[in-house]
Structures are given as C-alpha cells and as structure tokens.
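Step one of this worksheet: look at the structure below.
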Amino acid sequence: MTAPWWQSGVIYQIYPRSFQDSNGDGIGDLPGITRRLGYLAELGVDAIWVAPIYPSPMADFGYDVSDYCDVDLRFGTRTDFEDLLAQAHARGLKVLLDFVPNHTSDQHPWFVESRSSRRNPKRDWYLWRDPAPGGGPPNNWISDFGGSAWEWDEASGQYYYHAFLKQQPDLNWRNPGVQAAMHGIMRFWLDRGVDGFRIDVLWHLIKAADFPDNPPNPAYTSALGEMDRLLQLHSTDQPEVHDIAAGLRACADEYRRVGQGERLLIGEIYLPVERLMRYYGEGRPGVHLPGNFQLIAAPRQARALAALIAAYEAALPPGAWPNWVLGNHDRPRVATRLGENQARVAAMLLLTLRGTPTLYYGDELGLSDVPIPADRVQDPRELRQYGKGLGRDPVRTPMPWDDSAHAGFSTAPPWLPLNADWPARNVERQSAEPGSMLALHRRLLAARRTHPALTIGDFALLDAEGNILAYERRHGAERLIVALNLGAQPQRLELPDWAHDCRSLLSTLADLTPVRDGALLLRPNEGVILTLVD
Ligand code: NOJ
Ligand code: CA
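In full-length UniProt numbering, the protein residues as written are 1 to 534.
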C-alpha cells in the first residue's frame, strides 16, 4: 500500500512577496514563483504552500483578504495562478493555498455591508456587540497585535471584534451563511485544482458565545507582547471549533473522488499537545495535519528534545499522521535560533523525523534573520509595539538567488532588505558548493526518496548518552539510524547489537564518519544517518 502524497512528501512554504519578482517592482509575484519551479523540483520538495495571494489592502500583508476568489494585482492575475498551478502539476509538485477564514479585510464587501447598518443582512456575519454596561469595550480581550480587540464603530453605535488588526474584523462562524460562503470559497479553488489549504489561525475560529472576560496570564512579564497579559481561554479553542474543522474537511473530502489524490488541510494551531491532538478530529475527521510547531521553541538538550518527540508521538490518536515545522513567516529563523552549525543538524532532524516536514523558504540556504532599519519596518505588528522584537520582517526578506544586482530577486530595490551576506549566501553559489547548506538539503531530500524508511517508516527512539539524539526509522527490511550531536563536543554513540554492521549513509558534515567497534564517533555539531550493511 502506498502512503498518500502528503504523508511521504515535503512541503515548502513560500512567502510570495519575497520569493521572486518578475516585473521589477521589488515585490515577489506568481510568475516569479513559476519561473523558479525548476529550482523547487530539483531541490526535491513535493508541495508548495503559498502565503495569501488574494486581493488585499495589505494591512497585514495579505492576511486581510478583500476578495477570496481572485489574485491581488501585485502578485499577478488569475491566469498567472492557473499557469503556476499547471506548471507545478506538470512537474509533479502540489500547490497549497493559504485559507484565511477567521477574519476578512475591513474593505471586504461583506464587512462594508455589515457595518453599514444594524439591520443589514450581513450584520451578523461579524461579531458586533454593545459597549459594556459602564461604557467601553464589551470585554477585556486583547488583540494579538496589541490593544483592545474591540473597535468602536461610531456610525452604527457598536463595537466589532478583531483578534488581529482592526482592519481584520473576525467573522461570526456561528452564522450558517458565513459557513456556507467559506465552504463555497474552498470549492472555488478546489474546482480549479489546488491540492489543499493551510488554514490560518484555525483555533481562533469560534469564540465563547457569551464573550466572558479572559483571565490574567500568571506567567506574564513586561518583556512579553501585550496579548500575553491574558490567557485566551474564551477567545480561542472552543469546543465548537471541531464541528467547523469537520465541515472544512468534509468539503476537501468531496474532491477525493475527483482524482489527483487527496486534498490536504493543514491547520495553523498554536496549542499544547493534548489540545492540538483534538484537531485531528474525534469520531470524524478534522484536519489532516494540525500544525506542530514545537521544534520552533524546542529544548536544545538531547534528553529534553527526545522527551518532547516521545510525548508528541505518544499523544497522536490512532491513525493520525505527525508533522514537524522548523520555521515560518511569523517566527525567528532556525539559523538565528540555533546558529549555522546546529541549523544543519536541525535540518537532518526535520527531514528524518516521522511525519510531514514543512520547510520555510531560505532555510535551505541557512538564511538568518535580517536586521531591519527603523525606517524600513513594514510589519504592522512591529509598528504597533515598536522595540519589543515582535516584528516579522526579519524572517520575510527576499530570497537571494545569485550575486547579480539585488541578488537576482528583482531588477529593482526589494521591498525589504536582503541578507547582508547575499553575495556569498545565495542559491547559485551554494549550488556549486558540495558542503553547502543547500547541498545538504538536496542530499537529505534525495535520501528520503530512495529510503522509504525515512518517510513512511516506523520510528523508535534509541538509548544514547550525552548530548546525542538517536532514533531508528524502519520500513520492511530496511533499518536506518539517525544520530544527532546537539552540541559542540564530540560524542560517542554505542550502537545497539543489531546495528554493529552499519555504515554511514549521510553526514551533515562534508565526509562520512566510519562506524568502528560497534560505536559511532560523532564530531561536534554532526548529524549522521546510518544504514545496515546488506
Ligand atoms: C497567522 C499568520 O501566520 C500571520 O502572519 C497573520 O498575521 C495572522 N495569522 C493573522 O492572519
Ligand atoms: Ca512583482
């Protein structure tokens, strides 16, 4: 039996503003992505997830959608999208869109209607409430971007709720019209052949019906963002969200019979593991992959990391397929978090754990966070809470392709600065260096294709001393060992008896480490894949 494409495959996240500009305006676009499909196919990924491309006032760079069924002119046209989809499919690459169902732009015609009067039929499509009895916002909920999550609308004399910017009013998912409209939007893109969606803030979709105050967060310190003052107890992760997720899944599953394999739903969910697991669905399917972001803030010590992985594996409901993420457009890059040497080890971890990996564009080059001068800040989150280090621009900078002007990203100055080391750290340069981060990614991705144990194989942690994380991947007769030295000291791994005849298949360093006397000597910051000698 072969596994579905989304279990054995690797997803590559593209932030479209920063991947490739094709028309010299300094902003990446769809024809740019199409131009780089050859790169992605050669890299060896299976699917791309493209962050929002819909018409948008860009208050939150596309996460404020004003038309769900079109393409923003900055990114191209619907025809450009169809071209991208056709060419991706011709290369065997799947395409996932970013679905933003929690909120629209305040410029979306639905909201324009909704705010026009209390009697408008779309009034109930959003979350309108009267002021608190003594005046002021209806409750204490805080926007994720800081400040009250309620915005006063003078003309109609009520507040509306926005979990993010005031330009991003939250939809009322308790309204059947909203649900039907959103299902219609999914079908619109599924009919055109998209292979699935990443669902933005899935755990936010429904709020406690009576809008009680959120309790204070006992762990809050002033170093945190303002949203962390409260626990989002009543504003997120409500029991009814699972009905919504099941409804979205039913929509995607309508397309199973139409061919091209299953359409995939990935939920963006930041929750503790036990609560995350419920998004797989209980009694009926939820999303295929509730996003697992634990590696982004994972402990760096081997035993603690092993415990995290074991706890996640153990928590998975029967039949649920795991997934792992090292970085995305909202969080610091892995090379900045761990440093370049350990970022290589982390790449091996991501691509050899059991479960679908998602790779963030640029991480395959070891790109780090780019400092953004104050006068070039773009991210509304940074602009609203300046100096808190909450800005996401540093992880959204242009992809450096080569050492020509503007790194081959554009013929014009890019919308965000390039990484300072772009003349050396770029795709062309790393393609020519066998020891580069890019070459390592290509080797790892190629190994996944030749060794099914690495993709769909079973997983078991192995005993290890010191700062080594070691595990076995096994499929049929094939048994592989992954051994990762998470520190800068050499480490010795005693191999289990069955593995004494192993040889190194792949190292994160330039040359292979031999196995001697039933042990593997790992060099500082080295990760190794071992295979049994036939
Ligand atoms: C999560 C997205 O990843 C983030 O970039 C965005 O700002 C918020 N959702 C609001 O849509
Ligand atoms: Ca452009």
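Every residue, glycine too, gets a C-beta built ideally from N, C-alpha and C.
Between which two residues does the beta strand (DSSP E) harbouring residue i extend?
{"i": "residue 535", "result": "Outside the shown range of the chain (1 to 534) lies residue 535, about which nothing can therefore be said."}
{"i": "I468", "result": "I468 to H475"}
{"i": "R479", "result": "E478 to N485"}
{"i": "A453", "result": "It is not in any beta strand (DSSP E) - A453 instead sits in the alpha helix (DSSP H) that spans P452 to T455."}
{"i": "A519", "result": "A519 to L522"}
{"i": "S22", "result": "Where S22 is concerned, there is no enclosing beta strand (DSSP E), given that its DSSP letter is neither H nor E."}
{"i": "F459", "result": "D458 to L461"}
{"i": "I14", "result": "I11 to I14"}
{"i": "W152", "result": "W150 to D153"}
{"i": "Q158", "result": "Q158 to Y161"}
{"i": "W359", "result": "According to the sequence as given, residue 359 is Leu; it is not Trp. Looking at the DSSP string, the run of the beta strand (DSSP E) that includes L359 is T356 to Y360."}
{"i": "I529", "result": "G527 to L532"}
Can you give me the C-alpha to C-alpha distance between residue i and residue j, rounded to a whole angstrom?
{"i": "residue 562", "j": "Q158", "result": "Any property of residue 562 remains undetermined from this structure, which presents the chain solely from 1 to 534."}
{"i": "G408", "j": "D21", "result": "9 Å"}
{"i": "S56", "j": "S105", "result": "7 Å"}
{"i": "K207", "j": "T236", "result": "6 Å"}
{"i": "A51", "j": "L484", "result": "32 Å"}
{"i": "V325", "j": "D64", "result": "24 Å"}
{"i": "A420", "j": "L264", "result": "37 Å"}
{"i": "R17", "j": "R396", "result": "8 Å"}
{"i": "I14", "j": "D130", "result": "41 Å"}
{"i": "F197", "j": "L97", "result": "5 Å"}
{"i": "G339", "j": "V345", "result": "10 Å"}
{"i": "G387", "j": "Y220", "result": "18 Å"}
{"i": "D213", "j": "H204", "result": "16 Å"}
{"i": "R392", "j": "P373", "result": "13 Å"}
{"i": "R449", "j": "D253", "result": "27 Å"}
{"i": "S143", "j": "A343", "result": "33 Å"}
{"i": "Y161", "j": "D124", "result": "12 Å"}
{"i": "F211", "j": "L171", "result": "15 Å"}
{"i": "G261", "j": "R249", "result": "15 Å"}
{"i": "H451", "j": "M399", "result": "30 Å"}
{"i": "I456", "j": "V71", "result": "36 Å"}
{"i": "residue 579", "j": "A181", "result": "Residue numbering for the chain in the displayed model covers 1 to 534; residue 579 lies beyond these limits and cannot be assessed."}
{"i": "D116", "j": "H108", "result": "In the sequence as displayed, the identity of residue 116 is Ser instead of Asp. Looking at the two C-alpha atoms, the distance is approximately 12 Å."}
{"i": "A132", "j": "Y279", "result": "33 Å"}
{"i": "L512", "j": "A499", "result": "17 Å"}
{"i": "P31", "j": "D60", "result": "22 Å"}
{"i": "R381", "j": "D330", "result": "10 Å"}
{"i": "A510", "j": "A347", "result": "15 Å"}
{"i": "A488", "j": "S504", "result": "20 Å"}
{"i": "C502", "j": "D458", "result": "18 Å"}
How close, in whole Å, do the beta carbons of residue i and residue j come, if the pair is a contact with beta carbons under 8 Å?
{"i": "I48", "j": "V10", "result": "That pair is no contact at about 10 Å."}
{"i": "D369", "j": "T411", "result": "With a Cβ gap of about 26 Å, D369 and T411 do not count as contacting."}
{"i": "A453", "j": "L480", "result": "5 Å"}
{"i": "T508", "j": "L438", "result": "With a Cβ gap of about 13 Å, T508 and L438 do not count as contacting."}
Name the two residues that bound the continuous alpha helix (DSSP H) containing residue i.
{"i": "G32", "result": "L30 to R35"}
{"i": "S114", "result": "P109 to S116"}
{"i": "G267", "result": "Segment L264 to G267 is the beta strand (DSSP E) holding G267; no alpha helix (DSSP H) there."}
{"i": "Q430", "result": "V427 to S431"}
{"i": "V178", "result": "P176 to D191"}
{"i": "Q7", "result": "W5 to S8"}
Can you check whether the CB of residue j is closer than 8 Å to the CB of residue i?
{"i": "L506", "j": "A447", "result": "yes"}
{"i": "F188", "j": "H103", "result": "no"}
{"i": "A460", "j": "E472", "result": "yes"}
{"i": "Q301", "j": "N525", "result": "no"}
{"i": "G291", "j": "I309", "result": "no"}
{"i": "V427", "j": "L365", "result": "yes"}
{"i": "D46", "j": "L93", "result": "yes"}
{"i": "A314", "j": "L305", "result": "no"}
{"i": "G44", "j": "R442", "result": "yes"}
{"i": "Q378", "j": "G225", "result": "no"}
{"i": "R229", "j": "P218", "result": "no"}
{"i": "N323", "j": "T356", "result": "yes"}
{"i": "P255", "j": "L190", "result": "This sequence places Tyr at residue 255; Pro is not what is there. Result yes, Cβ atoms of Y255 and L190 sit closer than 8 Å."}
{"i": "L295", "j": "W321", "result": "no"}
{"i": "F99", "j": "D200", "result": "yes"}
{"i": "L359", "j": "G267", "result": "no"}
{"i": "A246", "j": "G193", "result": "no"}
{"i": "I33", "j": "W415", "result": "no"}
In chain order, which beta strand (DSSP E) runs of at least 3 residues are fully inside the stretch 285-340? Scanning the stretch 285-340 from its first residue to its last, the whole beta strand (DSSP E) runs of 3-plus residues come out as 323-325.
Runs of 3 residues minimum, wholly inside the stretch 207-283: which ones carry the beta strand (DSSP E) assignment? Segments of the beta strand (DSSP E) lying fully in the stretch 207-283: 264-267.
Unbroken alpha helix (DSSP H) runs of length 4 or more, entirely within the stretch 365-407: which are they? As far as the stretch 365-407 is concerned, its whole alpha helix (DSSP H) runs of at least 4 residues are 380-384.
Extract the residue ranges of the alpha helix (DSSP H) inside the stretch 33-98, only unbroken runs of 4 or more that lie entirely within it. Counting only runs of 4 or more residues that sit fully inside the stretch 33-98, the alpha helix (DSSP H) segments are 37-43 and 78-90, in chain order.
Note down, one range per segment and in chain order, each beta strand (DSSP E) of at least 3 residues found wholly within the stretch 487-518. For the stretch 487-518, whole beta strand (DSSP E) runs of length 3 or above, ordered along the chain, are 491-494 and 502-507.
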